[in-house]
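Contents: one structure, followed by commentary.
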Amino acid sequence: MTPLQLTPYAVLLPFIGFLFNGLLGKRVRREAVAAAVGCATVGAGFVVACLGFFQLAGLPPGARTVTLDLFTWVAAGAFRADVAFQVDQLSIVMMLIVTGVGFLIHVYSAGYMHGDPGFARFFAYLNLFIFAMLTLILADNFLLMFLGWEGVGLCSYLLIGFWYDRNFEKGTTADAAKKAFIVNRIGDLGFLTGMFLVYVTFGSLRFQTVFTQAATMSVGAPALLLITLALFLGATGKSAQIPLFVWLPDAMAGPTPVSALIHAATMVTAGVYMVARCSVLYALAPVSMGVVASVGAATALFAATIGLVQNDIKKVLAYSTISQLGYMFLALGVGAFSAGIFHVMTHAFFKALLFLGSGAVIHAMHDEQDIRKMGGLAGKLPVTYATFLVGTVAIAGIPPLSGFFSKDAILWEAYSRGSWVLWLAGFAGAGLTALYMFRLVALTFQGEPRWDRGVHPHEAPATMTVPLVILACLAAVGGFAGIPASLGGGNAFERWLEPVFAPANEKLAAAVGQGDIAEYVLMGLSVGVAISGWYIARLWYIRRKDIPGRIVQRVPGAYRVLLNKYYVDELYDGAIVRPAVRGSESILWKGIDVGVIDRLVNGVARVTAAAGRGLRLIQTGVVESYVLVFLGGVVLIVGWLLTR
Amino acid sequence: MDVPLPYYLCLSAVLFVVGAAGVLMRRNAIVVFMCIELMLNSVNLTLIAFSSFLGSITGQALVFFAMAVAAAEAAVGLAIVIAIYRNKQTVNIEEINILKW
Amino acid sequence: MESLFFFFLAAFAVTTAVLMVLQRSPLVSAVYLIANFFALAALYLLLRAQLLAVLQIVVYTGAIMVLVVFVIMLLNLGDESRSRVRIALRTWITVVFAAGFLAEVVYALLAGGTSVRAPSVSVAESLGTVESMGGALFGTYLLPFEVTSLLLIVAILGAVVLAKKKG
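Residue numbers (our numbering), protein chains in the order written: chain A, 118 to 761; chain B, 6 to 106; chain C, 31 to 197.
Put into C-alpha cells, the structure is as follows:
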C-alpha cells in the first residue's frame with residue numbers, strides 16, 4: 118500500500134485517539150499513557166504526511182493530485198456528496214504543517230498540562246481537533262470541508278472552555294468559548310450561503326468539478342462575486358479578520374498549547390486555506406479580490422496598533438496573530454496565493470514557537486500573564502529566552518529568518534500587483550509588528566525583575582523545551598524553502614504549489630517581472646523598518662523607560678482607545694448583542710413561546726379534558742341504554758339504505 | 006300453494022323486533038337473555054327460509070353452527086348471571102351499573 | 031294446505047313471543063318461549079329443514095331452556111315488580127324505534143320489486159335431511175365443525191370457572 122493510500126488512516130488515527138482518551142481517560146491513571154496515545158496518533162499522521170509528500174514529489178509536476186474515494190456520504194436524488202480526500206500539493210503542505218506542528222505541541226502539552234485533572238480530556242480534544250482539521254484540509258468537496266470546518270469550531274469551543282470553572286476577565290472561560298463559537302457561526306452563515314450558491318451555479322460540490330467548470334467562465338460573473346464574498350465572510354469568522362475578529366483575544370482563556378495550535382498555527386489558517394483552494398473562483402471575481410486584500414491589509418494594521426499597548430503576554434500574541442492573518446489575506450487578495458500559503462507555514466512555525474514560549478513563561482511565573490510584572494527572566498529561563506528571541510526576530514521580518522522571506526514576498530506582491538496603499542498599510546504594520554514584539558521581549562525577559570518575592574521562576578521541563586528548540590530551528594531556516602528569484606533562489610515553495618494555482622493565475626493579469634529594482638528597494642525598506650522597530654523598543658523599554666509614559670500623557674485619549682481595542686466589543690455588544698437578547702426575551706420567549714405555544718399546548722390539554730368530561734356522561738352503566746342506541750342506529754341505517 | 010319467501014321474512018322480522026323490544030323493556034337479566042334468544046331464533050328462521058328457497062344447504066349449515074354457538078353462549082351467559090347474583094344479590098340490570106362513570 | 035299451516039304457526043309464534051315479553055314472572059316467560067320454539071320447529075319442518083327442526087327441539091328447548099329454567103329456580107327469582115307509576119321514557123322510545131324498524135322491514139319486503147318474491151323453486155324434499163346435512167357438515171364445512179367443538183369446550187370451561195363458588 119502506498120503512503121498516500123494510508124492518508125485516510127492518518128486522519129482516522131487521531132479520532133481513535135480521541136475515543137481512547139475521551140472514553141477511557143478517567144480509567145487511565147497514568148498521564149504518560151494518555152499523552153503517549155495522544156502524541157502517537159498525530160506523530161503517525163506526520164510520518165504518513167512526509168511519506169506522502171515524497172511520493173507526490175516523485176510524480177510529474179502536472180499530475181500531483183491523488184483522490185481517495187472512501188464512501189458515499191449523501192446520495193439524495195441528483196445530489197451527491199462523498200467522503201473523499203484530495204491529496205495534492207496544497208493539501209500535503211497543509212497536512213505537513215498541521216501534523217508536524219501539531220505533534221510538537223502535543224509533546225509540549227504533556228509537560229504543560231502535567232498535574233491537571235483533565236489531562237486525558239485535553240488530549241482527547243486535541244486529537245479530535247487534529248482529526249477535524251485534517252478532514253477540512255483533505256476534503257475534496259465543500260460539504261466535507263464544511264464538516265471539518267464545523268468540527269474545528271467545536272473543538273475550539275471545547276478547548277477554550279477547557280478550564281470550565283475558571284473566571285476570565287469580566288466573565289468566565291465558558292463565556293469566551295461561547296463568544297468564539299457564536300461569532301464563528303456568523304461566519305459559517307457566509308460559508309453555507311457560498312456553498313449553496315456553488316451548488317446552484319455548478320451543480321456539484323466537488324472541488325475538481327467546480328473549478329474545471331469555473332475555468333470556462335468569464336471574469337466578473339455575478340454568481341462568482343456572490344459566492345466568493347459569501348465564502349470570504351466565512352473566512353473572516355474562522356480566521357479572525359475584520360469584522361469577526363473579536364473572538365480571538367477572548368480565546369486566550371484557554372490553555373496556552375490550545376492558543377498555539379488552534380489560534381495561531383492551524384485553525385485560524387483554515388480560512389486562508391479555503392480561499393487559496395478556491396483561487397480560481399476568486400481570480401474570476403476581481404471585486405472580491407479587492408475586498409479580500411483591503412480587509413486583510415486593514416486588519417493587519419488595525420490589529421498591530423492594538424497589540425502595541427496590551428499588557429497581557431498572550432493578548433499581544435493574539436493581536437499579532439490577527440495581524441499576521443491579515444497579511445495572508447492581503448497576499449491572497451492580490452493574487453499571490455503561494456506567498457499567502459508560504460506565510461501560513463512560516464507563521465505556524467514562529468507563532469507556535471512564541472505561544473509555547475509564552476506558555477513556558479506563564480508556567481514559570483505560576484500563571485502570571487501580565488508583562489508589567491515580569492522582566493529579567495532571560496537568566497532564569499535561558500532556553501525559553503533564546504527560542505523566544507528567535508521567534509521574535511522571525512516575526513519581525515529580519516533576514517535570513519523565515520519571516521523575512523514570506524512577509525517580504527507579500528509586501529512586494531502587494532505593491533506590484535495591488536496598489537501602493539496596500540503596500541503602505543502592510544509596511545506600517547510590519548514596523549509596528551517589530552516594535553510590539555521587541556517590546557514584549559524587553560518587558561518580559563530583559564531589564565530589571567519586577568516580579569514578587571514569592572515567585573521562583575524556573576526553566577520548563579524537557580518535554581516543553583525540546584519542541585521550542587525544534588520550532589526555533591524551523592522558524593530560522595524554514596524560509597529557505599521560498600527564496601525568491603530576485604535573491605538568487607529558485608523559490609521551490611512557489612514552484613511546488615504552482616500547478617494548484619495555475620488556473621487562477623491564468624485568469625489574472627500576467628505576472629509581474631522579477632528582479633525589478635523596486636523589489637530591492639522595498640526589501641531594504643522592510644528590513645530597515647524592522648530594525649528600527651527593534652531599536653525603538655530597546656530605547657523605550659530598556660534605556661529610557663520614561664518615554665512610553667510621556668507619550669501616553671501627551672495622547673491619553675488615543676492610548677485609551679488602543680488599550681480598549683477601539684471599543685469594538687462594546688460596539689457589537691450595544692448594537693447587536695443586547696438588542697438581540699432583549700428582542701429574544703420579549704418577543705420570542707414571552708410572546709411566542711409562552712403566549713402562543715404554551716397556550717396552544719395547554720389549550721389542547723384543556724379541550725381534551727373538557728371533551729372527556731362531557732363524553733363520559735354516555736357511560737351510564739346500564740346495558741339497555743346502550744342497546745337502545747344500537748337499535749336507533751340500526752333504524753337509521755336501514756332507513757338510509759331504503760331511501761337510497 | 007307455496008308460501009312466498011317474503012312472508013317468512015316478515016315473520017322473522019316481527020319476531021326480531023319483539024325480541025329487541027323485550028331486551029329494552031325488561032329489567033330481569035334472565036328475561037333479557039331469553040329475548041336475545043328469541044332474536045337469534047328469528048335470524049335462524051331467515052336463514053332457513055333462504056336456504057329452502059334457494060335450494061342451497063349453506064343456510065342450514067349456518068344455522069347449525071348458530072345453534073351450537075347459542076348453546077355455548079347460553080351456558081356462559083347464565084354462569085355470569087349466577088356470578089353476578091352471588092355478588093350483588095340482584096339480577097335487575099338497572100342496579101348492575103358498576104361501569105357507570 | 032301449507033299456507034294454512036304457515037299462518038297458524040306464524041300467529042302462534044308471534045303471540046307467544048309477545049306474551050313472553052309482557053309477562054311479569056320469569057318462569058312463565060320461559061314457558062312461553064318454549065312454546066315459541068315449538069312453533070319455530072314446526073316452521074322449519076315446513077321449510078324442509080328436518081334435521082334442524084329436531085335440533086331446535088333437542089338443543090334449544092331441551093337444553094338451553096331447561097338451563098334457563100334451572101337458573102330461574104336456582105336463584106329463586108320473584109316476579110318483576112311493577113314499581114313505576116308511569117312508564118319510563120325508555121319504554122316509549124323503544125316502542126317508537128321498534129315500530130319504525132318493523133315498518134321499514136315490512137315495507138322493504140312487501141313493497142319491493144318482484145325480485146323479492148322469490149319464485150317457488152321446486153326444492154327436493156330431502157334438502158335438509160340428516161344425510162344431506164351430514165354430507166355438508168363433514169364435507170364443505172368440516173373446519174367450522176371442528177372449530178365449533180373447540181368452542182364448546184371453551185364455553186364449558188368458562189361456565190364452570192365463572193359459576194364456581196370461590197373458596
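The beta carbon of each residue, even a glycine, is placed where N, CA and C say it ideally should be.
Only a predicted model underlies this, so the values are computations on that prediction, with no experimental measurement involved.
Same chain, Cβ closer than 6 Å to residue i, neighbours up to 5 away in sequence not counted
{"i": "R394/A", "result": "none"}
{"i": "F42/C", "result": "A69"}
{"i": "A559/A", "result": "A654, Y658 and I659"}
{"i": "L245/A", "result": "F135 and C272"}
{"i": "K296/A", "result": "W364 and D367"}
{"i": "L557/A", "result": "V433"}
{"i": "A402/A", "result": "L341, L342 and T345"}
{"i": "V412/A", "result": "Q358 and I359"}
{"i": "E687/A", "result": "none"}
Best match in the options for proximity to residue i [C-alpha to C-alpha]
{"i": "A294/A", "options": "Y126/A, Y532/A and G371/A", "result": "G371/A"}
{"i": "S649/A", "options": "Y553/A, V392/A, V694/A and E267/A", "result": "Y553/A"}
{"i": "C167/A", "options": "L141/A, R144/A, V215/A and A198/A", "result": "V215/A"}
{"i": "Y502/A", "options": "A477/A, N608/A and V389/A", "result": "A477/A"}
{"i": "P11/B", "options": "L52/B, V96/B, A80/B and V23/B", "result": "L52/B"}
{"i": "M462/A", "options": "W190/A, A598/A and R730/A", "result": "A598/A"}
{"i": "Y532/A", "options": "A635/A, K707/A and P616/A", "result": "A635/A"}
{"i": "G265/A", "options": "I254/A, G304/A and S475/A", "result": "I254/A"}
{"i": "A469/A", "options": "L447/A, G424/A, P517/A and V586/A", "result": "V586/A"}
{"i": "L21/B", "options": "S33/C, S162/C, L77/C and L132/C", "result": "Sequence check: residue 21/B is Phe here, not Leu. Here the closest residue by C-alpha is L132/C."}
{"i": "L539/A", "options": "G496/A, A414/A, N608/A and F419/A", "result": "A414/A"}
{"i": "N301/A", "options": "G320/A, T760/A, M445/A and G351/A", "result": "G351/A"}
{"i": "L192/C", "options": "G82/B, I103/B and S17/B", "result": "G82/B"}
Contact set between residue i and chain C, taken where Cβ atoms lie within less than 9 Å
{"i": "I35/B", "result": "P56, S59, A60, V98, V101, I102, L105 and L107"}
Residues near residue i by beta carbon distance below 7 Å, same chain, minus five either side
{"i": "V146/C", "result": "Caution is warranted here: a pLDDT of 47 is assigned to V146/C, below 50, making its placement in the model unreliable, and no coordinate value can be reported."}
{"i": "G142/A", "result": "A151, A237, R238 and A241"}
{"i": "L221/A", "result": "P584, I587 and L588"}
{"i": "G749/A", "result": "none"}
Residue environment, residue i, which counts as buried when at least 16 other CB atoms sit within 10 Å
{"i": "R91/B", "result": "exposed"}
{"i": "I94/C", "result": "buried"}
{"i": "N138/A", "result": "buried"}
{"i": "N719/A", "result": "exposed"}
{"i": "P131/A", "result": "buried"}
{"i": "D715/A", "result": "exposed"}
{"i": "K524/A", "result": "buried"}
{"i": "K196/C", "result": "exposed"}
{"i": "P499/A", "result": "exposed"}
{"i": "F188/A", "result": "exposed"}
{"i": "W757/A", "result": "exposed"}
{"i": "Q203/A", "result": "buried"}
{"i": "Y126/A", "result": "exposed"}
{"i": "T144/C", "result": "Low confidence applies to T144/C: its pLDDT is 46, below 50, so where it sits in the model is not reliable, and the reading given next is rough at best. Per the 10 Å Cβ criterion, exposed."}
Beta-carbon neighbours of residue i, restricted to chain A and to distances below 7 Å
{"i": "G130/C", "result": "V752"}
{"i": "A25/B", "result": "L748"}
Neighbouring residues, chain B, relative to residue i (Cβ below 9 Å)
{"i": "G158/C", "result": "I53, S56, S57, I62 and Q65"}
Neighbour list for residue i in chain B, Cβ cutoff strictly below 8 Å
{"i": "G209/C", "result": "Here chain C has residues from 31 to 197 only, and residue 209/C is not among them."}
{"i": "V84/C", "result": "Correct list: empty, because the minimum Cβ distance to chain B is about 11 Å."}
Contacts of residue i in chain C (Cβ-Cβ under 8 Å)
{"i": "L748/A", "result": "T124, F127, A128 and F131"}
{"i": "L745/A", "result": "R120, I123, T124 and F127"}
Own chain partners of residue i with C-beta closer than 8 Å, once the 5 adjacent residues on each side are dropped
{"i": "A579/A", "result": "G228"}
{"i": "A34/B", "result": "V86, I89, V96, N97, I98 and I101"}
{"i": "V115/C", "result": "Because the pLDDT of V115/C is 48, which lies under 50, any placement of that residue in the model is unreliable, and the question is left without a value."}
{"i": "I103/B", "result": "none"}
Proximal chain A residues relative to residue i, where beta-carbon distance stays under 8 Å
{"i": "E134/C", "result": "V752, V755, G756 and L759"}
{"i": "V28/B", "result": "E741 and V744"}
Interface partners of residue i on chain B, CB under 7 Å
{"i": "G738/A", "result": "N102, I103, L104 and K105"}
Interface residues of chain A facing residue i [CB-CB closer than 9 Å]
{"i": "M85/B", "result": "The sequence as given places Ile at residue 85/B; Met does not occur at that position. Chain A residues near I85/B: none, gap ~12 Å exceeds 9 Å."}
Partner residues on chain C for residue i, Cβ-Cβ distance less than 7 Å
{"i": "V22/B", "result": "A128, F131 and L132"}
### Task
Assess, as a yes-or-no matter, whether the region 175-192 of chain A is touched by the region 415-432 of chain A under the definition of 3 or more beta carbon pairs within less than 8 Å.
no
### Message
Using a Cβ distance threshold of 8 Å, determine whether the region 166-186 of chain C contacts the region 95-103 of chain C, with at least three qualifying pairs required.
### Response
no
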